[in-house]
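Here is the structure we will look at.
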Amino acid sequence: RYTGRETPMACAVKITRALQYILEHKTRDGYVFRTDLRLRPHLPGHPLALSVDDAEIYFERHGQNWERAAFIKARAVAGDIAAGEGFLKRTQPFIWRKHLDFAAIRDIHAIKRQINAHHGFGSIGVAGHDLKVGRGGIREIEFFAQTQQLILGGHHRALRGRRTLDTLERLAEDKWIDAETAKELTDAYIVLRSLEHRLQMVADRQTQQLPGRERELARFARFAGFESVEEFETRVSTVLRTVERHYGVLFESEADLAAGRQLVFTGTGNDPGTLETLREMGFRDPETVASTIRNWHHGHIRATRSTRARELLTELTPSMLSAMQRQPDIDEAFRLFDLFVSRLPAGVQLFSLIRANPRLLVLLCDIMGAAPRLARHLANDTSLFEAMLAPDFFEGLPESSELREEFGIRLGDARHVEDVLDIGRRWAHGRQFQAGIHALLGLADGESSNETHTVIAEVIIDTLLPHASEWLAEQHGIIEGGSFVIIGLGKLGSRELTTGSDLDLVFVYDAPANAQSNGARPLPAATYFARLGQRLVSAISSRTAEGRLYEIDTRLRPSGNAGPVACSLANFRAYQAETAQTWERQALTRARVVAGSGSLSSAVEQVICHTLENPRNLPGLERDVRQMRERIFKEHGNEDPWNLKHARGGLVEVEFIAQYL
């Protein structure tokens, strides 16, 4: 019984570290053994030594099929042997399934395809070949045996042996494989293991890779007992081809998802061949990609906590990486894909849908690569992906009347103002996402997509304004005879909103002279309508659990930030006639009333039209427009031709020409 002051776990960790040090530490007499603790059941942050209960929980919740295969060979070798054997006995249900689990078999097949560098029986280069994980290597022999153990061992206890050669013999005896296959794989295993041992004797290094240079390969061939390098290459090549042939037949009906490439994300470290494959695919940071995918497979994110989710992801990974190759910035696209997957509450449903409809995976990767803003929306709200599954998602974008009716129906579930805000955000985000996808896929032209984005904003403003008014009335009453309108400018005013556009708004009110609200806490008209504007801005731009609707910019109001949030009709008329500068009148070319009182709307529209129709001093107008263009270029522009908005000849200049005319 342990009676120390430290916790049992802390004590066990110290013992583990001390044992590892004793085995690995080099003295003048050398070292005992290299040690590898990466096969222990663990997640990031787990200690070197786990309690039996914690390890069992890990296997139940996070264990993978490659770990099942690894633990086939496990045995207690030191310490409390009885306790060790007791723990291994408790892992038996994890390793040996009672039923033939076809989902697990698909996962085993997928792992095989990941490890398999190439499919087919072409020639194998000997120089530089990895005898363990390369084509036709030791790993394929082990996997040949372990795969059938995992599939059959649940019912056939005789196949639960630890030794690869014993398993091959038993498979042949029980007629699961023919005797010739067992003999050829056994002979190959002995040859490859012997060569592996000799490789590690050369420089006392843990390596399984044959020399890549001709002179070094010839020297090693003689060390291995061959008369010439040609004889050595012939023998090794024959062995590797034999193993590959049997290994390929094992799952010959399965498609090769790796598409002729080495993709290994099992185990605990980055596979060199996989890193090279990722580089060839175009990734600039293959180490991060490999580590990220390995974390997925280890259940480090919510979406892959279940065994089924990891099985599905194992199958989908090669196809996902291939789809990533279509993207202009493959690393950024992968980062956004990881962000999306990491925020999923669960993965089985989504991965199953993608498996059943591979086009969804291609579309998902296209979003990540070609539309980063849409990708971020998707990552922030993974329910948007479900919207793409609706039958009408890829049909024509809805008309304005349909959108207004749809949102009105959605609001029928609202019980409080907070419900209105959240429902509005969910609805707007879904429809904005749809419009963006339609533009991305060419299902809608830019004008149609912009119109949809604009109508969505108008519906939101028009719906939230009465709620803001009700809130203000509860606090301060109403102003009898008062009215309020919202002017949309910029892209909202010109009906050119896009995904991520902010809203340029100006608030104008009209009220009798010296009017005050009639509530318990009365406010003068200027303050009252300023509060109304602020309340509306908050309702639209504040972040709730469902995110934010739009960023709001009110700086285009008379006198900018120095002016009141809401401007009276009289002051608005006077400012436009007497004070407004040329750039403000340029902004007014795209102004229109988007919500509010009908009679006041007409009056404001008249002010806008009258201001724009006034005669101009053309030389002065041209000078002002040029100066403003140069000022904007100095602040935002450069000579980069891809700066489509601010570069010379870009969108700003097109807008300025139209506004000047």
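Just so you know, we're using this note's numbering here: the sequence shown kicks off at 1 and counts up by one.
Glycine included, every Cβ here is placed at the ideal spot set by N, Cα and C.
task: Less than 8 Å between the CB atoms is what I'm expecting for residue 319 and residue 364, so what's the real figure, rounded?
output: That belief does not hold up - the Cβ atoms of residue 319 and residue 364 are roughly 11 Å apart, past 8 Å.
query: Since residue 476 contacts residue 539 with CB under 8 Å, what's their CB separation in whole angstroms?
result: Their Cβ separation, rounded to whole angstroms, is 17 Å, which puts residue 476 and residue 539 out of contact at 8 Å.
task: Provide the residue(s) that pair with residue 567 in DSSP beta bridges, ordered along the chain.
output: 508
task: Find out if the Cβ-Cβ distance for the pair residue 431, residue 456 is shorter than 8 Å.
output: yes
- request: Pull up the distance between the alpha-carbon of residue 317 and that of residue 494, whole angstroms please.
  value: 44 Å
field: Extent of the continuous alpha helix (DSSP H) to which residue 83 belongs
entry: 81-90
field: Rounded straight-line distance, which links the Cα of residue 373 to that of residue 189
entry: 53 Å
query: In or out: residue 334 buried (at least 16 other Cβ within 10 Å) or exposed?
result: buried
query: By Cβ distance, which residues of its chain are closer than 8 Å to residue 152, with the 5 residues on each side in sequence left out?
result: 159, 176
Exposure label - residue 197; buried when at least 16 CB within 10 Å: Burial call: exposed.
field: Simplified DSSP assignment, three categories, for residue 544
entry: strand
Rounded separation between residue 354 and residue 312 - CA only: 9 Å
- request: Classify residue 441 as buried or exposed, calling it buried when 16 or more other Cβ atoms lie within 10 Å of its own Cβ.
  value: exposed
task: Could you tell me whether the region 73-82 touches the region 40-57, using the rule of 3 or more Cβ pairs below 8 Å?
output: Taking one beta carbon from each stretch, the region 73-82 and the region 40-57 have fewer than 3 pairs nearer than 8 Å; the two do not touch.
query: What distance in whole Å lies between the Cβ atoms of residue 567 and residue 508, which are believed to be in contact at a cut-off of 8 Å?
result: 5 Å
- prompt: To the nearest angstrom, how far is it from the Cα of residue 478 to the Cα of residue 524?
  reply: 11 Å
- prompt: Exposed or buried, residue 491, counting other C-beta atoms within 10 Å across all chains shown (16 or more means buried)?
  reply: buried
query: Taking the continuous beta strand (DSSP E) assigned at residue 484, which residues delimit it?
result: 483-489
message: Across the region 163-182 and the region 194-212, are there enough close Cβ pairs to call them in contact, namely three or more that are closer than 8 Å?
response: no
field: Spatial distance of residue 76 from residue 195 (CA atoms)
entry: 28 Å
task: Run the CB neighbour count on residue 419, radius 10 Å, all protein chains shown included, and call it buried at 16 or more, exposed below.
output: exposed
message: Classify residue 258: buried if its beta carbon has 16 or more other beta carbons within 10 angstroms, exposed otherwise.
response: Because residue 258 sits at a pLDDT of 45, beneath the cut-off of 50, its placement in the model cannot be relied upon, and the following sentence gives the value as read from the coordinates. Buried, by the Cβ-count rule.
message: I'd like the ranges of any alpha helix (DSSP H) spanning at least 4 consecutive residues and lying wholly in the region 387-467.
response: 400-410, 417-441
Where residue 119 falls: helix, strand or coil (DSSP): Any reading at residue 119 must be qualified, since the residue scores a pLDDT of 36, below 50, and its modelled position is unreliable; the value itself is stated next. It is coil, neither helix nor strand.
- request: Kindly give me the distance between the Cβ atoms of residue 611 and residue 588, rounded to whole angstroms, as I take these residues to be in contact under 8 Å.
  value: 6 Å
query: residue 662 and residue 23 look like a contact to me (Cβ under 8 Å); what is the Cβ gap, rounded to whole Å?
result: Because the chain spans 1 through 661 in this model, residue 662 falls outside it and cannot be assessed.
- request: Determine contact between the region 338-356 and the region 298-308, defined as no fewer than three beta-carbon pairs at a distance below 8 Å.
  value: yes
query: Under a Cβ-count criterion, where at least 16 other Cβ atoms within 10 Å of its own Cβ denotes burial, should residue 290 be classed as buried or exposed?
result: Of the other Cβ atoms in all chains shown, 16 or more fall within 10 Å of the Cβ of residue 290; this residue is therefore buried.
message: Could you check whether the region 537-552 touches the region 410-425, counting it as contact only if at least three pairs of C-beta atoms, one from each stretch, sit closer than 8 Å?
response: yes
field: Inter-residue spacing [alpha-carbon to alpha-carbon] between residue 606 and residue 573
entry: 9 Å
message: Can you tell me which residues form a DSSP beta bridge with residue 30?
response: 27
Limits of the unbroken beta strand (DSSP E) element including residue 562: Unbroken run through residue 562: none, as it is neither H nor E.
task: Tell me, to the nearest whole angstrom, how far the beta carbon of residue 146 is from that of residue 72; I am working on the premise that it is less than 8 Å.
output: 6 Å
task: Find the nearest neighbour of residue 421 within the set 329, 537, 278, 449, judged by alpha-carbon distance.
output: 537
task: Would you tell me roughly how many angstroms separate the C-alpha atoms of residue 183 and residue 26, rounded to the nearest one?
output: 40 Å
query: Got a sec? Which residues, its chain only, sit under 8 Å from residue 592 by beta carbon, not counting five neighbours each side?
result: Closer than 8 Å at Cβ, skipping near neighbours: 487, 488, 493, 605, 608.
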